[in-house]
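Everything below concerns the one structure shown next.
In our numbering, the protein residues as written are 716 to 895.
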């Protein structure tokens, strides 16, 4: 089994990652199982279903749902206070209006995977090949979806950062007042 080092790192580093899910070219159920084994908290943002990167849903349910940046901030805060020393993955679905057709993407992925196998493309060269080929096969729809999800992840991540800063500020203020 080929496991990306970032998945292992999430299991030993207290960090919050904002993502549109794992790339749909990967085995999503096995990836989620591996993250669970590593002790990584996987939470989906405003959904019970783990997103599949280019599409809103993968068909895999998540163990934790968060519905606001404040929920995310409280989860991060609890992780830090409990000194769990593991990461949190916030899976944020791509906005509906930018979601690529699941069947179109899946068909393109399967074709690209077959081509990669036929050409013996593996290792570090595999993902760039697959993403480029899927983009070609979808007529650019996957690239447009990728750009939209990056912008959305940045927006959600910024809102979580603000909520965490406000939470931390209120805790620190309370600590100072209780000492006075």
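Don't be surprised by glycine CBs; every beta carbon is placed ideally from N, CA and C. In this text, all values refer to a predicted model and were calculated from it rather than measured experimentally.
Residue range of the unbroken alpha helix (DSSP H) whose run includes residue i
i, result
"residue 846", "841-852"
"residue 721", "720-725"
"residue 751", "743-752"
Unbroken beta strand (DSSP E) run spanning residue i, endpoints
i, result
"residue 789", "Careful: residue 789 lies outside any beta strand (DSSP E), inside the alpha helix (DSSP H) at 784-796."
Buried/exposed call for residue i, threshold 16 Cβ in 10 Å
i, result
"residue 763", "exposed"
"residue 766", "buried"
"residue 861", "buried"
"residue 853", "buried"
"residue 855", "exposed"
"residue 777", "buried"
"residue 719", "exposed"
"residue 721", "exposed"
"residue 823", "buried"
"residue 891", "At residue 891 the pLDDT is 44, less than 50, meaning the model places this residue with poor confidence; the figure from the coordinates comes in the next sentence. Exposed, because fewer than 16 other Cβ atoms sit within 10 Å of the Cβ of residue 891."
"residue 894", "Because residue 894 carries a pLDDT of 38, less than 50, the predicted location of this residue cannot be relied on, and the following value inherits that uncertainty. Residue 894 is exposed by the Cβ-count criterion."
"residue 840", "exposed"
"residue 773", "buried"
"residue 827", "buried"
"residue 880", "exposed"
Contact check, residue i vs residue j, beta carbons under 8 angstroms
i, j, result
"residue 809", "residue 769", "yes"
"residue 731", "residue 803", "yes"
"residue 759", "residue 780", "yes"
"residue 845", "residue 831", "yes"
"residue 787", "residue 873", "no"
"residue 813", "residue 863", "yes"
"residue 799", "residue 729", "yes"
"residue 789", "residue 858", "no"
"residue 811", "residue 771", "yes"
"residue 761", "residue 782", "yes"
Integer-rounded CB distance, given that residue j should sit under 8 angstroms from residue i
i, j, result
"residue 849", "residue 806", "The Cβ separation is near 20 angstroms, so there is no contact."
"residue 747", "residue 725", "Residue 747 to residue 725, Cβ: 12 angstroms. No contact."
"residue 743", "residue 775", "5 angstroms"
"residue 801", "residue 754", "4 angstroms"
Residue i - partner residues in DSSP beta bridges
i, result
"residue 804", "732, 757"
"residue 781", "760"
"residue 776", "764"
"residue 770", "767"
8 angstroms Cβ cutoff, residue i in contact with chain D
i, result
"residue 744", "Here there is only one protein chain, and chain D is not present."
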